[in-house]
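Worksheet for the structure shown next.
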Amino acid sequence: MHLRGDVRIMNCEEARALFSEFYDGELNQEIAQAVKEHLADCQECREEYKNLKKSLKILSKLKILEAPRNYVSFN
Amino acid sequence: MKLLPKKEHQYIGARMNFIELNLIESARRGDSHGLNRLFSQHQRYIFNLMLQLTGDVALADDLTQETFLMAFRKLHSFRCQASFRTWLSRIAINLFRLEFRRKTKHYSLCLEKITVPSHQDNPERVVIKSELQWCILHNLQQHLPNKYREVLVLRDLHHLSYKEISEILGWSVSKTKTCLHRARQMFRQQFVNNKCKAFADDYLCICEGMLEL
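Going down the list, the protein sequences come from chains A and B.
So the first sequence is numbered by my numbering: it starts at 94 and just counts up by one.
So the second sequence is numbered by my numbering: it starts at 2 and just counts up by one.
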C-alpha cells in the first residue's frame, strides 16, 4: 500500500485480503476508504466483492428451524 | 447449592443480565423453573447451530440434548466470565468436534428432513425453498472444513461478534478474522465453480448447478 497525495493506494491482493473485514465494517476509516477507492477503480475486485456479498446473502436464506422435540424435563 | 461468590459478580459485565444470572443461580439450586427457562431460552439456538454444522436433523437433535445435559451437570463450574450462551455454545461445539472425530461416516443430507413448511406458499414454492436450503447446507457440509464451517455459521448465521466467536472456538481474535476470511472465500468459490445463476444476474436462483453435484 502506498500514498498518492493523502490517499492510500491498495493493490488487488491487499484489497481482497480485507474484503471480509470490510464487509463486517471492522476496518478503521482510513483503511476502509482505501478499499472503497480500490473498488471504485478496479472492476475485477468489484466483481469479486459483489460475489462475496451474494454468496453471504444466499447463506442468510438458511432458515432457522424449531427444535423437533422437547428434549428433557426438569420437573 | 453454590451461590456466586461476590468477586465473580465484578467480572460479569453487561453481557450477563440480571434475569439470566438469577435463573442460573436458581438452576444451580436444582430448581426446575430455572433449568426449564434456561433450556427454553437457548434450545432453538443450539439446535440450529448443530443442524447448520452437521446438516443432519437427528444428529443435531442428539447433540442438543447432550449439550444441555452436560451444561446442567457442569453448571457449578460456570464462572460467569462469558455469557451463558457463549459457554453453552462452547460445550456444543466441543461435542460436535468430538462426534466428528469419533465417527468419520459421511452424513447424508435428505431433502425431506429440511423442508420448510409454510401455509402461505404453494407446493412449487415450498419445493424451491427446500432445494435452496439443501443447496446451502450441502455447500457448508461438503466443501468447508469443520473450522471454517464453525466460524462462518457463528458469524453469518448467528451474527456473533469476533470476540464472542473467538471465545467459543478458543481462538485469538486475529485467527478468527483470518479463518472467517478464508471460510467466506471458500463458500463463495463453490457457487462460482458450480456456475450458480445468482452470480450471472441479480436474480436469487435455486442453484441448479449445486444440485447436480
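Glycine included, C-beta positions come from ideal geometry on N, C-alpha and C.
These figures come from a predicted structure and were not determined experimentally.
- Cβ-Cβ distances below 8 Å link G171 (chain B) to R91 in the same chain, with the five nearest sequence neighbours on each side left out; the list follows chain order.
- DSSP places G35 (chain B) in the helix class (H, G or I) of the three-state scheme.
- Rounded to the nearest whole angstrom, the CA to CA distance from L138 (chain B) to Q53 (chain B) is 7 Å.
- At least one CB atom of chain A sits nearer than 7 Å to the CB of I137 (chain B).
- Taken atom to atom, the span from the alpha-carbon of A160 (chain A) to that of S41 (chain B) is near 10 Å.
- In the DSSP assignment, V154 (chain B) falls outside any alpha helix (DSSP H) and carries neither an H nor an E.
- Counting the other Cβ atoms within 10 Å of the Cβ of H43 (chain B) gives 16 or more, which makes it buried.
- The beta carbons of A110 (chain A) and H131 (chain A) sit no closer together than 7 Å.
- Residues of the region 166-183 of chain B with a C-beta atom less than 8 Å from some C-beta of chain A are K178, L181 and H182, listed in chain order.
- Residue environment: A28 (chain B) is assigned as buried (16 or more neighbouring CB atoms within 10 Å of its CB, all protein chains considered).
- Contacts with chain A (Cβ-Cβ distance below 7 Å) from the region 46-57 of chain B involve F48, N49, L52 and Q53, listed in chain order.
- When the alpha-carbon of L145 (chain B) is set against those of B:C81, B:F192, B:H77 and B:W88, the nearest one is in B:F192.
- For K146 (chain A), no Cβ of chain B is located within less than 7 Å of the residue's own Cβ.
- When Cβ-Cβ separations below 7 Å define contact, L132 (chain A) makes no contact with chain B.
- Nearest to H182 (chain B) by alpha-carbon distance, out of B:L39, B:E165 and B:R150, is B:R150.
- Taking a Cβ-Cβ cut-off of 7 Å, the neighbours of V193 (chain B) in chain A comprise N144, given in sequence order.
- N140 (chain B) is classed as buried because its beta carbon has at least 16 other beta carbons within 10 Å across all chains shown.
- Fewer than three Cβ pairs drawn from the region 154-162 of chain B and the region 64-81 of chain B lie within less than 8 Å of each other, which leaves the two stretches out of contact.
- D157 and L158: these are the residues of the region 144-160 of chain B whose beta carbon lies less than 7 Å from some beta carbon of chain A, given in chain order.
- Listed in chain order, the alpha helix (DSSP H) elements of length 4 or more contained wholly in the region 38-100 of chain B are 58-74.
- In this structure, the beta-carbon distance from E168 (chain B) to T87 (chain B) falls below 7 Å.
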